[in-house]
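Using the numbering used here, the first residue of the sequence shown is number 140, and each one after it goes up by one.
Contents: one structure, followed by commentary.
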Amino acid sequence: MIIDSDLATIYGYETRAFNQQVKRNIEKFEGEDFMLQLNEVEVDEFSRCQNVTLNKKASRGSNIKYNPYAFIEQGIYILNDNLIHN
């Protein structure tokens, strides 16, 4: 599982622009479990596992407004085939 900010970095996008691209093509993901938005508990657990801080109460510029999306392997293939290379 990879979160949106990591995929955005891999593909050369800002996270915001990457998520906009995903939302414009959301029909390619609907009905499947290729991506999901993490809840508060999952964000905390993921942050501890990845040695990163996703702190919603941090100072401006370092906080996140929305919980990140996570993509499984099939979701990454969809991104690669349909969003990035088209």
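We put the beta carbon where it would ideally sit given N, CA and C, even for glycine.
All values derive from a computational prediction rather than experimental measurement.
- In the three-state DSSP reduction, Tyr152 falls in the coil class, being neither helix nor strand.
- Excluding residues up to 5 positions away in sequence, Asp143, Ser144 and Ala147 lie with their Cβ nearer than 7 Å to the Cβ of Thr154 in the same chain.
- In the same chain as Gly214, and ignoring 5 residues on each side of it, the C-beta atoms closer than 6 Å to its own belong to Phe173 and Met174, in chain order.
- The DSSP-derived three-state label of Ile215 is helix.
- By alpha-carbon distance to Val180, the top candidate from Arg163, Ala156 and Asn206 is Asn206.
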